[in-house]
Amino acid sequence: MGNKARMAHNDVRSGLSRRGFLTGAAALGAGLVTAGCAGTYDVGSGITGSSGGDNQSTLVYWNLLTGGDGTHMVAMEDTYRKAHPNIDLQSTILAWGAPYYTKLSLAIRSGSPPDVAIMHLSRIHQYGPPGMLTPISLDLLAQHGMEPKDFTPLAFSKAHYNGQLLCIPLDTHPFVQYYNTKVCKKAGLLDSSGTLPPIKSADAMLDALRKLKKIGATPVICDTINDPATPWRLFYSLYSQAGGQVLADNGKDIVLNEALATKVLTFIHQLATEGLMSSNVDAGGGTAVFQAGDAGLYWEGEWNVTVFQAVNLPFSMQPFPALFGKAAAQADSHTFILPKRTTADPEKTSTALTMIRTLLGQSLTWAEGGHIPAWLPVRDSAAYKKLKPQSNYQEVASYAAYDPPAWYSGSGSDMENYLGEPLASLMLGAASPQATYDQMIGSLHTLSKEPVPV
Amino acid sequence: MSAPTASATLPRTAAASQAKVARPRRNWGNFGLVTPFLVFYVLFLVGPLIYDVVLSFFNTSLVKGGLGSFAGFANYTELFRDHQFWSAMWHTILFTLVSTPPLVILPLFFAIVVNRIKHGQWFFRLAFFLPYILPSAAIALVWLFIYEPGYGLIGGFFNLIGVTDPGWLSDPNVALYSIVLVTVWWTIGFNFVLYLAGLQEISRDLYEASALDGASRWQQTWRLTIPMLGRTTTLVTVLQIIASLKVFDQIYLILQGGPNYSSRPAIEWIYDTAFTSQRVGYASAASFILFIVILIVSFVWLALVRRQESGV
Numbered sequence: 001m002g003n004k005a006r007m008a009h010n011d012v013r014s015g016l017s018r019r020g021f022l023t024g025a026a027a028l029g030a031g032l033v034t035a036g037c038a039g040t041y042d043v044g045s046g047i048t049g050s051s052g053g054d055n056q057s058t059l060v061y062w063n064l065l066t067g068g069d070g071t072h073m074v075a076m077e078d079t080y081r082k083a084h085p086n087i088d089l090q091s092t093i094l095a096w097g098a099p100y101y102t103k104l105s106l107a108i109r110s111g112s113p114p115d116v117a118i119m120h121l122s123r124i125h126q127y128g129p130p131g132m133l134t135p136i137s138l139d140l141l142a143q144h145g146m147e148p149k150d151f152t153p154l155a156f157s158k159a160h161y162n163g164q165l166l167c168i169p170l171d172t173h174p175f176v177q178y179y180n181t182k183v184c185k186k187a188g189l190l191d192s193s194g195t196l197p198p199i200k201s202a203d204a205m206l207d208a209l210r211k212l213k214k215i216g217a218t219p220v221i222c223d224t225i226n227d228p229a230t231p232w233r234l235f236y237s238l239y240s241q242a243g244g245q246v247l248a249d250n251g252k253d254i255v256l257n258e259a260l261a262t263k264v265l266t267f268i269h270q271l272a273t274e275g276l277m278s279s280n281v282d283a284g285g286g287t288a289v290f291q292a293g294d295a296g297l298y299w300e301g302e303w304n305v306t307v308f309q310a311v312n313l314p315f316s317m318q319p320f321p322a323l324f325g326k327a328a329a330q331a332d333s334h335t336f337i338l339p340k341r342t343t344a345d346p347e348k349t350s351t352a353l354t355m356i357r358t359l360l361g362q363s364l365t366w367a368e369g370g371h372i373p374a375w376l377p378v379r380d381s382a383a384y385k386k387l388k389p390q391s392n393y394q395e396v397a398s399y400a401a402y403d404p405p406a407w408y409s410g411s412g413s414d415m416e417n418y419l420g421e422p423l424a425s426l427m428l429g430a431a432s433p434q435a436t437y438d439q440m441i442g443s444l445h446t447l448s449k450e451p452v453p454v
Numbered sequence: 001m002s003a004p005t006a007s008a009t010l011p012r013t014a015a016a017s018q019a020k021v022a023r024p025r026r027n028w029g030n031f032g033l034v035t036p037f038l039v040f041y042v043l044f045l046v047g048p049l050i051y052d053v054v055l056s057f058f059n060t061s062l063v064k065g066g067l068g069s070f071a072g073f074a075n076y077t078e079l080f081r082d083h084q085f086w087s088a089m090w091h092t093i094l095f096t097l098v099s100t101p102p103l104v105i106l107p108l109f110f111a112i113v114v115n116r117i118k119h120g121q122w123f124f125r126l127a128f129f130l131p132y133i134l135p136s137a138a139i140a141l142v143w144l145f146i147y148e149p150g151y152g153l154i155g156g157f158f159n160l161i162g163v164t165d166p167g168w169l170s171d172p173n174v175a176l177y178s179i180v181l182v183t184v185w186w187t188i189g190f191n192f193v194l195y196l197a198g199l200q201e202i203s204r205d206l207y208e209a210s211a212l213d214g215a216s217r218w219q220q221t222w223r224l225t226i227p228m229l230g231r232t233t234t235l236v237t238v239l240q241i242i243a244s245l246k247v248f249d250q251i252y253l254i255l256q257g258g259p260n261y262s263s264r265p266a267i268e269w270i271y272d273t274a275f276t277s278q279r280v281g282y283a284s285a286a287s288f289i290l291f292i293v294i295l296i297v298s299f300v301w302l303a304l305v306r307r308q309e310s311g312v
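Protein chains in written order, with the numbering used here: chain E, 1 to 454; chain Z, 1 to 312.
Dropping the structure here:
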């Protein structure tokens with residue numbers, strides 16, 4: 001036994017140099033790992049898809065377009081690729097809302113942004129103030145075949161911050177009313193031509209919904225689960241019709257009018273308590289219920305049009321009805337931005353603007369997805385007018401209600417979430433109009449008093 | 001790195017001195033072997049933790065470069081008055097209180113039952129463990145369908161028997177419990193496997209001996225199996241409490257913290273504050289508080305268990 005132990009001991013002793021070798025190897029390995037970190041920029045850009053090198057022939061484009069929008073955008077990109085075979089257009093799709101905007105902010109902050117990206121127009125108040133976007137001069141715009149008169153005036157004027165053009169609008173995408181023609185006909189709501197005449201007051205809407213309920217249909221669907229944006233869109237559409245304002249002085253002042261808001265909230269509450277509105281669904285569920293053909297109306301953004309066309313649903317679309325006075329509907333615009341680079345690159349900017357112009361030229365493809373083209377040469381064309389039901393609601397682009405400007409407002413923002421959540425409770429009949437108003441005003445005061453992060 | 005070089009230049013005849021320096025050199029060798037781990041540990045755990053603490057004293061913004069202005073303890077004082085943060089903390093704690101007991105007791109029960117099965121045991125092991133390998137995104141899709149009112153799996157069933165189902169995802173008093181149900185189904189397999197491993201470590205002899213002494217199956221389970229699984233139960237409980245305190249994915253993906261923030265856990269509040277409100281400094285202060293809470297809970301639990309074990 002002693003012998004064996006000694007031999008083992010000797011092995012260890014003579015193995016010292018082997019250990020030394022292992023030490024060295026391990027340390028070397030560790031060194032390689034740390035050395036690898038110096039190269040994280042390349043690794044990072046490999047993951048994020050942004051161009052690490054300065055190869056002029058690549059153009060990195062980020063967007064948040066999925067579903068039908070995604071398909072249309074890919075088709076438009078392919079047309080660009082065919083026309084510009086020398087440019088390697090690298091397109092990256094990220095998830096809508098906070099996940100997209102987080103990555104966009106961080107990419108710009110870290111100095112490796114995409115060359116072009118999609119941004120919601122309402123986000124200009126977060127990206128404009130800290131100087132994260134490259135201003136585009138009208139001269140440069142004209143050199144690439146774009147003039148201010150080519151764009152929807154409202155969207156184009158909102159694309160400015162501090163007098164500078166910071167983004168190029170692609171569309172206007174409003175909250176609209178879908179209606180099932182078969183169900184509405186059965187309820188006796190359609191005129192002789194088979195269309196739904198505009199519903200012009202809250203009482204008229206209640207009447208129509210009660211008729212739908214009487215024939216056993218789900219009167220109207222408007223989703224709430226996992227989707228605070230939709231309740232906000234419903235409220236803001238109606239509240240804007242009543243002439244209400246939510247914020248002033250770029251978000252520092254709260255001007256939510258209690259009387260007007262309560263009128264709208266009471267109406268929504270009545271829809272819920274009378275069983276006229278079905279809200280106990282998420283976005284996918286709402287689409288599925290309307291697609292099943294049992295519902296009369298569906299309040300949602302226009303982007304679901306292709307879903308219903310694909311299943312040959314008997315339906316049509318119209319502007320969200322003006323129930324509280326003037327015509328208004330919550331809306332936003334997809335825009336193209338040129339994220340600020342650490343060093344200006346005029347050649348890249350030019351490539352990007354050409355790409356934007358090429359995509360704008362295909363606005364008809366984009367319009368098939370439901371969006372109203374901001375590019376007027378297409379919007380005023382005969383081909384777009386023939387595009388039904390998409391062109392039914394094109395007038396909304398001129399009276400679209402964009403989210404009020406603030407550092408905490410806009411698509412997928414805190415304001416939409418903090419107001420949308422209590423509104424969802426109201427729509428589900430779980431909260432009273434007064435409690436909803438109190439929570440909304442409380443949240444707005446909290447948001448407006450937070451330190452300004454931009 | 002200098003150690004191997006030194007040993008290479010040492011004259012072979014100086015055996016005595018070599019024996020003396022062998023000890024420290026051996027330690028260096030060990031150190032070298034754990035270096036890769038240490039590098040990752042410092043890089044991805046200690047480093048970010050220190051960075052988090054630093055950020056919590058600044059008004060750091062996601063959309064502005066640099067740390068931002070110095071805030072002192074302002075983030076912490078604001079945090080202590082922020083009822084939204086504390087309500088999110090409460091949701092996390094409530095979730096832990098409600099989800100831990102079933103996730104400790106049910107897998108124990110199932111493991112004991114499955115361990116008794118003679119034929120086709122593999123099928124049950126697989127069936128219990130399978131949900132655990134699914135990513136949270138897949139779980140969210142499956143359960144959104146199950147809970148969908150009217151035509152979802154459960155909703156359809158309720159419809160069939162003519163009862164209105166509770167608002168699984170839309171009732172603020174129900175939603176968090178719906179998520180507990182999802183989590184039990186999803187993660188039960190992990191604890192189940194730990195128990196099964198524990199069961200197989202119990203010696204067969206003990207069962208034979210107790211059977212000879214006339215113990216019934218019931219007595220064997222209560223007096224033998226469960227006490228012998230004590231250490232496993234402790235481990236499962238600690239792991240479960242920590243996992244439950246870190247709840248985020250399934251709530252964010254299925255409910256986004258709704259309805260009306262009734263299910264938003266602390267981590268989602270931190271995520272929302274940092275990435276939607278852009279207030280990284282403020283969110284860092286909150287995540288440090290959560291870190292301390294989890295640390296305290298784990299230490300208290302371990303201390304209780306140590307005392308209990310040394311008492312036995």
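All C-beta atoms in this analysis are idealised placements derived from N, C-alpha and C, irrespective of residue type, glycine included.
It should be emphasised that the depicted structure is a prediction, and the values quoted were computed from it without experimental measurement.
- Assignment of residue 245/Z by DSSP, reduced to helix, strand and coil, places it in the helix class.
- For residue 284/Z, no Cβ of chain E is located within less than 9 Å of the residue's own Cβ.
- Residues of chain Z with a Cβ closer than 8 Å to the Cβ of residue 225/E are, in chain order, 169, 170, 255, 258 and 259.
- In this structure, DSSP gives residue 161/E an extended state, which the three-state scheme calls strand.
- Residues of the segment 264-292 of chain Z with a C-beta atom less than 7 Å from some C-beta of chain E are 275, 276, 277, 278 and 279, listed in chain order.
- Per DSSP, residue 146/Z is one residue of the alpha helix (DSSP H) stretching across 136-147.
- Residue 318/E is bridged by DSSP to 177/E.
- If you compare the alpha carbons of 226/Z, 191/Z and 286/Z with that of residue 86/Z, the shortest gap goes to 286/Z.
- When the beta-carbon positions are compared, residue 125/Z and residue 193/Z come within less than 9 Å of each other.
- Taking 9 Å as the cut-off, the Cβ atoms of residue 254/E and residue 169/Z do not count as close.
- Secondary structure in the segment 278-314 of chain E: the beta strand (DSSP E) runs of 3 residues or longer, each lying completely within the stretch, are 295-301 in chain order.
- If only complete runs of 4 or more residues are kept, the segment 364-431 of chain E shows the alpha helix (DSSP H) at 376-379, 382-386, 396-399 and 414-427, in order along the chain.
- Chain E has no Cβ within less than 9 Å of the Cβ of residue 99/Z.
- Close partners of residue 131/Z in chain E (Cβ separation under 9 Å) are lacking, with about 21 Å as the shortest Cβ gap.
- For residue 153/Z, there is no enclosing beta strand (DSSP E); the residue is found in the alpha helix (DSSP H) stretching over 153-160.
- For the options 85/E, 185/E, 376/E and 403/E, the alpha carbon positioned closest to that of residue 149/E is the one of 376/E.
- Residues of chain Z with a Cβ closer than 7 Å to the Cβ of residue 285/E are, in chain order, 148.
- For the options 153/Z, 149/Z and 133/Z, the alpha carbon positioned closest to that of residue 142/Z is the one of 153/Z.
- In this structure, the beta-carbon distance from residue 98/E to residue 271/Z falls below 9 Å.
- Secondary structure at residue 86/Z: helix, using DSSP grouped into helix, strand and coil.
- The CB of residue 113/E never comes closer than 7 Å to any CB in chain Z; the least such distance is about 13 Å.
- The beta-carbon distance between residue 294/E and residue 208/E, rounded to whole angstroms, is 16 Å. This is too long to meet the 8 Å contact definition.
- Between residue 329/E and residue 401/E, the CB-CB gap stays under 9 Å.
- Counting only residues of its own chain and dropping the five nearest sequence neighbours on each side, residue 290/E has a CB closer than 6 Å to the CB of 221 and 298.
- With a minimum length of 4 residues, the unbroken runs of alpha helix (DSSP H) contained wholly in the segment 88-135 of chain E fall at 98-109 and 124-127.
- Residue 99/Z is positioned such that its CB atom lies closer than 9 Å to that of residue 247/Z.
- Within the segment 63-93 of chain Z, the residues whose Cβ lies closer than 7 Å to any Cβ of chain E are, in chain order, 63, 64 and 65.
- The beta carbon of residue 394/E lies closer than 7 Å to those of 372 and 379 in the same chain, with the five residues before and after it left out.
- Residue pairing by DSSP places residue 172/E opposite 372/E in a beta bridge.
- Taking each of 130/E, 126/E, 176/E and 429/E in turn and checking the Cα distance to residue 397/E, the smallest one comes out for 176/E.
- Residues of chain E with a Cβ closer than 7 Å to the Cβ of residue 59/Z are, in chain order, 451.
- Contact check for residue 390/E against residue 421/E fails: the beta carbons are separated by 9 Å or more.
- Under the 9 Å criterion on CB atoms, residue 195/Z is classed as non-interfacial with respect to chain E.
- Residue burial annotation: residue 261/Z is buried, with at least 16 other C-beta atoms found within 10 angstroms of its C-beta.
- By the Cβ rule, the segment 236-247 of chain Z counts as touching the segment 294-301 of chain Z, because three or more pairs are nearer than 8 Å.
- Contact between residue 340/E and residue 134/E holds: CB atoms are separated by about 5 Å, below the 8 Å threshold.
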